[in-house]
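So for the sequence shown, our numbering puts the first residue at 1; every next one is plus one. Don't be surprised by glycine CBs; every beta carbon is placed ideally from N, CA and C. These notes concern the structure reproduced below.
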Amino acid sequence: MNKNDFVRNSLFWVLITVSLIFLFSTSNGISEKTKVLEYSHFIQQIQDKNIQKIVMDGRTFNGIDNTGVKFTVYAPFIDPDIVNKMISQKVRIIAKPPVKPNIVLAFLLNWLPLAVFSGFFAFMLKSGKGGAFSFGKNKAKLSQKNTIKTNFSDVAGIDEAKQEVFEIVDFLRNPEKYQKIGAKIPKGLLMVGPPGTGKTLLAKAIAGESQVPFFSISGSDFVEMFVGVGASRVRDMFEEAKKNSPCIIFIDEIDAVGRHRGGGLGGGHDEREQTLNQMLVEMDGFSDNQGVIIIAATNRPDVLDSALLRPGRFDRQVNVSLPLVKGREDILRVYINKIKTNKEIKIKNLAKGTPGFSGAELANLVNEAALLAASSNKSIVTMEHFEIAKDRVLMGREHQSMAMTEQQKKLTAYHESGHAIVGLLMPDHDPIYKISIIPRGKSLGVTMYLPNDDQVSQTRQQLISRITSIAGGRIAEELIFGTKNVTTGASNDIQVATTIARRMVTQWGLSEKIGPILYDKDSNSGDYGVKKNSRSISEFVNSEIDLEIRKIISECYSSAKLILESNMDLLHSMANMLIIHETLEFSQIDQIVKEFFKDKS
Numbered sequence: 001m002n003k004n005d006f007v008r009n010s011l012f013w014v015l016i017t018v019s020l021i022f023l024f025s026t027s028n029g030i031s032e033k034t035k036v037l038e039y040s041h042f043i044q045q046i047q048d049k050n051i052q053k054i055v056m057d058g059r060t061f062n063g064i065d066n067t068g069v070k071f072t073v074y075a076p077f078i079d080p081d082i083v084n085k086m087i088s089q090k091v092r093i094i095a096k097p098p099v100k101p102n103i104v105l106a107f108l109l110n111w112l113p114l115a116v117f118s119g120f121f122a123f124m125l126k127s128g129k130g131g132a133f134s135f136g137k138n139k140a141k142l143s144q145k146n147t148i149k150t151n152f153s154d155v156a157g158i159d160e161a162k163q164e165v166f167e168i169v170d171f172l173r174n175p176e177k178y179q180k181i182g183a184k185i186p187k188g189l190l191m192v193g194p195p196g197t198g199k200t201l202l203a204k205a206i207a208g209e210s211q212v213p214f215f216s217i218s219g220s221d222f223v224e225m226f227v228g229v230g231a232s233r234v235r236d237m238f239e240e241a242k243k244n245s246p247c248i249i250f251i252d253e254i255d256a257v258g259r260h261r262g263g264g265l266g267g268g269h270d271e272r273e274q275t276l277n278q279m280l281v282e283m284d285g286f287s288d289n290q291g292v293i294i295i296a297a298t299n300r301p302d303v304l305d306s307a308l309l310r311p312g313r314f315d316r317q318v319n320v321s322l323p324l325v326k327g328r329e330d331i332l333r334v335y336i337n338k339i340k341t342n343k344e345i346k347i348k349n350l351a352k353g354t355p356g357f358s359g360a361e362l363a364n365l366v367n368e369a370a371l372l373a374a375s376s377n378k379s380i381v382t383m384e385h386f387e388i389a390k391d392r393v394l395m396g397r398e399h400q401s402m403a404m405t406e407q408q409k410k411l412t413a414y415h416e417s418g419h420a421i422v423g424l425l426m427p428d429h430d431p432i433y434k435i436s437i438i439p440r441g442k443s444l445g446v447t448m449y450l451p452n453d454d455q456v457s458q459t460r461q462q463l464i465s466r467i468t469s470i471a472g473g474r475i476a477e478e479l480i481f482g483t484k485n486v487t488t489g490a491s492n493d494i495q496v497a498t499t500i501a502r503r504m505v506t507q508w509g510l511s512e513k514i515g516p517i518l519y520d521k522d523s524n525s526g527d528y529g530v531k532k533n534s535r536s537i538s539e540f541v542n543s544e545i546d547l548e549i550r551k552i553i554s555e556c557y558s559s560a561k562l563i564l565e566s567n568m569d570l571l572h573s574m575a576n577m578l579i580i581h582e583t584l585e586f587s588q589i590d591q592i593v594k595e596f597f598k599d600k601s
């Protein structure tokens with residue numbers, strides 16, 4: 001039992017005890033129900049000789065009348081003649097001895113509630129860091145030097161980023177070298193990159209290599225509903241950091257507090273904006289923060305206030321991007337060395353087969369393979385486990401329990417074959433990795449493509465080929481089963497194709513009619529549609545954009561239909577193989593295509 005549980009249980013039993021004492025003190029000792037008589041009526045009853053017995057307890061009379069009914073009377077004053085009246089009427093009188101005051105009970109009743117309340121109040125003051133009423137205390141977690149074991153050897157795949165931050169590590173190790181010639185190390189370092197690329201891990205490695213105290217906090221920890229609390233926490237954090245100088249402050253997801261000012265409903269009195277203002281002052285104001293280096297991480301640098309990014313605050317930005325093949329290989333090697341494997345693991349092949357994976361996704365891939373091996377009661381992880389884990393990550397987990405009818409299975413086979421054949425025959429399209437009609441995730445089947453090399457950018461032809469292959473699934477359904485029997489299975493295909501086409505027109509300038517003009521300014525929000533209510537875009541331009549998107553998709557559908565109509569035998573052959581085997585690897589697909597064109601020639 002921890003301290004909090006002990007205190008909570010103690011307070012509970014104290015409350016129970018006080019309640020019992022209160023109930024005991026208010027009990028009058030009469031278990032049966034009695035009626036209360038008026039004093040004047042009681043006097044009349046005595047005169048009428050209707051009283052058998054009276055038990056006198058001070059000014060309280062408990063008695064029984066001639067009919068056996070119990071009653072209670074409360075005398076308004078002590079009447080010395082009342083006893084003589086009852087004796088004259090032959091009423092049995094019993095007097096209770098005076099009760100001696102219980103000093104312990106009196107003390108408990110008078111002082112215990114006050115003591116319990118005072119104890120609870122003191123507990124609330126001391127509970128947590130700074131107490132329950134110390135809202136302005138910072139919530140940063142402090143890791144002392146020599147306690148952080150992470151170093152640069154634990155961070156792989158981002159060598160360029162490590163080189164950029166090495167100056168900070170060198171300054172924290174040897175500040176005299178820089179101060180001797182008057183050089184000033186950057187006060188702030190902003191790490192920018194997609195989620196899971198290793199920004200937080202790199203910050204830990206900087207602290208581990210520098211061997212200095214490390215404060216870590218999230219941007220959301222500063223902001224509360226009370227105005228001024230966040231600013232107070234910022235001041236307290238920097239004051240504590242100065243006491244531990246030289247040190248590192250790491251603020252994760254700084255965009256939670258560092259967004260552009262002026263957007264809040266409260267204007268300059270908005271809590272978030274006041275917190276940001278205080279952070280700006282602490283980073284580069286009149287106070288001297290020598291030896292305190294602030295490292296922040298975000299995947300949304302576009303929303304940060306410009307005052308945060310100026311020289312003197314976050315002087316340097318480090319781009320932590322998705323790893324390329326060599327980087328993925330290094331990352332996989334770091335995590336694979338932590339599990340038991342055989343010598344047949346081809347790390348280079350795994351790296352080539354995971355384009356676009358972040359460091360976190362690669363770590364998850366290795367863990368999935370280890371889980372598969374353990375669930376199969378294997379002592380080591382093999383390449384087969386990695387391949388199955390990669391399929392799970394790329395395509396989703398198989399739903400073996402989902403029963404498909406023969407008609408559904410056949411329709412899915414033709415749908416996926418349509419994707420594959422069009423993708424194979426379109427120029428500059430990514431190679432096919434695998435086709436499957438086993439239900440995975442939310443889909444009944446999947447056709448997976450993997451590029452041979454890392455792609456930094458894409459050509460217009462590659463995008464057109466991608467949309468055309470996407471259209472191949474719906475076209476195959478129409479050609480084989482008729483337009484009346486097409487299914488809703490292409491809903492995700494339509495969404496992806498429309499998104500690519502809209503980006504081509506509104507963001508990437510790949511439409512000759514619309515031209516290289518940016519019309520979609522909200523590309524980072526996930527909504528890739530043009531804002532219809534935007535005043536910067538006229539209704540005419542909106543109409544032209546819609547027509548251009550429709551034209552791109554219509555032309556791709558026509559191309560996909562032409563390809564499949566010209567290769568119907570290949571479509572039937574591949575669909576039949578899928579129905580039999582349910583999953584086709586690249587080697588099997590390649591063999592089907594080669595035999596078809598060989599027979600055709």
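- When the alpha-carbon of residue 212 is set against those of 247, 218 and 183, the nearest one is in 247.
- Residue 188: member of the beta strand (DSSP E) spanning 188-192, first to last residue.
- In the same chain as residue 498, and ignoring 5 residues on each side of it, no C-beta atom comes closer than 6 Å to its own.
- 8 Å or more divides the Cβ of residue 293 from the Cβ of residue 283.
- Under the Cβ criterion (8 Å, minimum of three pairs), the stretch 496-510 counts as touching the stretch 533-552.
- Residue 354 sits in coil when the DSSP states are folded into three classes, being neither helix nor strand.
- Inter-segment contact for the stretch 365-379 and the stretch 188-202 is absent: fewer than three beta-carbon pairs are separated by less than 8 Å.
- Shortest Cα-Cα distance from residue 335 to any of 91, 270, 308 and 363 involves 363.
- Within the stretch 135-219, the alpha helix (DSSP H) runs of at least 4 residues that lie entirely inside it are, in chain order, 159-173, 175-179 and 199-210.
- If you draw a 10 Å sphere on the C-beta of residue 581, you find fewer than 16 other C-beta atoms in it, and that means exposed.
- Under the three-state reduction of DSSP output, residue 67 falls in the coil class, being neither helix nor strand.
- Taking residue 448 as reference, the option from 419, 95 and 594 with the minimal CA-CA separation is 419.
- Between residue 437 and residue 416, the C-beta gap is smaller than 8 Å, which places the two residues in contact.
- DSSP places residue 413 in the uninterrupted alpha helix (DSSP H) bounded by 406-425.
- For the stretch 278-312, the continuous alpha helix (DSSP H) assignments of 4+ residues that do not extend past its boundaries occur at 306-309, in sequence order.
- The C-alpha of residue 48 lies about 9 Å from the C-alpha of residue 89.
- For residue 585, no alpha helix (DSSP H) segment is defined; the enclosing uninterrupted segment is the beta strand (DSSP E) at 583-585.
- Less than 8 Å divides the Cβ of residue 444 from the Cβ of residue 408.
- Contact annotation: the stretch 311-322 does not touch the stretch 336-346, with fewer than three C-beta pairs closer than 8 Å.
- Between residue 475 and residue 378, the C-beta gap is not smaller than 8 Å, which leaves the two residues out of contact.
- Inclusion of residue 301 and residue 359 in the CB contact set at 8 Å is not warranted, their separation being larger than that value.
- Distance between residue 154 and residue 464, taken at the CA atoms: about 41 Å.
- Proximity to residue 166 across 507, 206, 221 and 150 peaks at 206, based on C-alpha coordinates.
- In this structure residue 36 is exposed. Its beta-carbon is surrounded by fewer than 16 other beta-carbon atoms within 10 angstroms.
- Contact between the stretch 196-210 and the stretch 227-245 is absent: fewer than three C-beta pairs spanning the two stretches fall below 8 Å.
- Assigned with DSSP and collapsed to three states, residue 428 falls in coil, not helix or strand.
- Less than 8 Å divides the Cβ of residue 428 from the Cβ of residue 461.
- For residue 434, the closest C-alpha among the options 457, 467, 394 and 472 is that of 394.
- The three-state reading of DSSP puts residue 250 in strand, counting E and B together.
- Non-local C-beta neighbours of residue 486 in its own chain, meaning closer than 7 Å and more than five positions away in sequence, comprise 474, 477 and 478, ordered along the chain.
- DSSP places residue 514 outside both helix and strand once states are collapsed to three, so it counts as coil.
- Counting the other CB atoms within 10 Å of its CB gives residue 385 a total of 16 or more, which places it among the buried residues.
- The straight-line gap separating the alpha-carbon atoms of residue 277 and residue 251 is approximately 16 Å.
- Secondary structure of residue 440 (DSSP, three-state): strand.
- Looking from the CA of residue 40, the closest CA among 79, 67 and 56 belongs to 79.
- Around the beta carbon of residue 94, a 10 Å sphere encloses fewer than 16 other beta carbons of the protein chains shown; the residue is thus reported as exposed.
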